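Asker:
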Amino acid sequence: MSTAPHWVNAHQMPKPPEGFAACRVGWNPQITHLVLLDSKGSNGGRPTMCRLTRFPTRDPHTHRVLLDADLPGWSMGGGVAGPNVEQIECPACYARIGEVAP
Ligand SMILES: [Zn+2]
246 MSTAPHWVNA HQMPKPPEGF AACRVGWNPQ ITHLVLLDSK GSNGGRPTMC RLTRFPTRDP
306 HTHRVLLDAD LPGWSMGGGV AGPNVEQIEC PACYARIGEV AP
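The opening residue of the sequence shown carries number 246 in my numbering; numbering runs sequentially from there.
1. Report the three-state DSSP secondary structure of residue 268 (helix, strand or coil).
2. Within a Cβ cutoff of 6 Å, which residues of the same chain sit near residue 294, ignoring the five residues on either side of it in sequence?
3. Residue 332: buried (16+ other C-beta within 10 angstroms of its C-beta) or exposed?
4. Between residue 299 and residue 316, how many whole angstroms is the CB-CB distance? I'm expecting something under 8 Å.
5. Out of 275, 263 and 264, state which residue places its alpha-carbon closest to the alpha-carbon of residue 335.
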């Protein structure tokens, strides 16, 4: 898997393609991951396309956290833009668009 960052316009957050939601993480750089949407436009709590989880795994009975989420502090569709914020498209997420696109 290529992990070379793809630097894009520093002043604009990368847009998600049709059928995906942007999951933005971090600050300088801020990385835009992609989450697949279903036919109702819901991301269903899915991991990102690069298979990072957004929610911790919890014991179904005690709700105790068994495994922390891979991505803390993400924002679905939101994020931060500005002249001092570097924006990166997650190369692994964007590379997988073609696998599931209609
Ligand atoms: Zn990603």
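In this text, a Cβ means the ideal position worked out from N, Cα and C, and glycines have one as well.
Here the structure is a predicted model, which is why all the values come from computation and not from measurement.
Answerer: Let's see:
1. In the sequence shown, counting from the first residue as 1, residue 268 sits at position 23. Looking at residue 268 - three-state DSSP - the assignment turns out to be strand.
2. Here the question's residue 294 lines up with position 49 in the sequence shown. Result list for residue 294: 279, 338 and 341, in chain order.
3. Residue numbering aside, residue 332 sits at position 87 when the sequence shown is read from its first letter. Its Cβ being crowded by 16 or more others within 10 Å, residue 332 is buried.
4. Within the sequence shown, residue 299 is the residue found at index 54, counting from 1. Within the sequence shown, residue 316 is the residue found at index 71, counting from 1. Indeed, because the Cβ distance is near 6 Å, the residues count as touching under 8 Å.
5. Here residue 335 is taken as the residue at index 90 of the sequence shown, counted from 1. Selected option, being the one with the closest Cα: 275.
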